[in-house]
Each structure stands twice: as C-alpha cells, then as structure tokens.
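No gaps in the numbering here: position 31 of the sequence shown is 31 in UniProt numbering, and each next residue is one more.
Glycine residues also receive a C-beta, built at the ideal position from the N, C-alpha and C atoms.
Here the structure is a predicted model, which means the values were calculated and not measured.
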Amino acid sequence: MSDLPNCPKCHSAFTYEDGGLYICPECSHEWSPQAAPAAAAEEVLVVKDASGNVLQDGDTVTVIKDLKVKGSSSVVKVGTKVRNIRLVDGDHNIDCKIDGIGQMGLKSEFVRKA
Ligand SMILES: [Zn+2]
C-alpha cells in the first residue's frame, strides 16, 4: 500500500487503487495515475548568461567583468574561466569554485558561456 500516492486533495494516506483509478476514501476524490500531479508544479530553474544563453550544471563560463569577492580583497578578473558551475536559486545563481579563490557564488549576468 505504501507505494500509492497520497490523496492530492486532502493528503490522506489511505488511498487505494480500483479499476486503474486511485481513490481516496476520506474525501471520495478519484484520480487517474497518469494525471498524477507533477510534484506540485515543480519549476525548472532557468539561468541565462549575459548573452541570453541558457546555462546548465557542469558548464564552463567566462567572467566578463572584474568581480570583487565578498569579504576579501580578491578580485575575480575579467576573462577568468570557471569550470563545472552549478546552478542554484537565488541572487547569485551560479555556485562555483574558482582557482585561487575557492567556493563562491556568481551572478549569471556577469558570465558568458565558454
Ligand atoms: Zn482525499
């Protein structure tokens, strides 16, 4: 029974399957497994570089502007290549590790896909 989804309406765990439909005995909601809710409208994270190219995890990007590193005197120089980026949700939407500086967050508008 544990592999049946909870009722999308009342979140009851006492759902059962009957004739290809899932049925919730609590609120009498019936739904088809094919139309199973796509995990509460999961948003796809789209991060674009300065030129509007869509970036992906693992991409290599080039920094297009000298960037001060927060909390240090280091600067990420324009032209710095950043390998294996990871996209995250937030103001600094690229997580990466830069040689000589370490782990940091970048804004996608200051990079270009290499
Ligand atoms: Zn229900």
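Neighbourhood of residue i by C-beta, 7 Å cutoff - its chain only, sequence neighbours within 5 removed
i    : result
A114 : T60, V61, T62 and K81
G105 : H92, I94 and D95
G79  : T62 and V63
E17  : L4
Proximity test, Cβ basis, 9 Å: residue i and chain C
i   : result
G71 : No chain C appears in the structure shown, which is made up of a single protein chain.
Spatially closest choice to residue i from the options, by CA coordinates
i   : options           : result
Q34 : L4, E26 and Q56   : L4
K77 : C10, D49 and D99  : D99
V44 : I64, D89 and V111 : D89
N84 : S72, G58 and G71  : G58
Neighbourhood of residue i by C-beta distance below 6 Å, restricted to the same chain and skipping five residues each side
i   : result
C7  : T15, C24 and H29
K97 : Q103
S74 : I101
A13 : N6
Own chain partners of residue i with C-beta closer than 8 Å, once the 5 adjacent residues on each side are dropped
i    : result
K107 : D91, H92, N93 and I94
N53  : R112 and K113
Residue burial classification, residue i (beta-carbon count within 10 angstroms, cutoff 16)
i   : result
L55 : buried
D66 : exposed
V69 : exposed
L21 : exposed
Distance between residue j and residue i (C-alpha atoms, nearest Å)
i   : j    : result
W31 : K9   : 10 Å
V47 : F110 : 12 Å
M1  : C27  : Unreliable placement is indicated for M1, whose pLDDT of 44 sits below 50; no coordinate value is reported for it.
A50 : S72  : 25 Å
H11 : L87  : 32 Å
Q: Could I get the ranges of all uninterrupted beta strand (DSSP E) runs contained in the UniProt domain "Protein YjdM N-terminal" (4-32), with 3 residues as the minimum, in chain order?
A: 16-18 and 21-23
(Q) Please give the ranges of any beta strand (DSSP E) in the UniProt domain "Protein YjdM C-terminal" (47-114), keeping only runs that are unbroken, at least 3 residues long and fully inside the region. (A) 61-63, 94-98, 102-106 and 111-113
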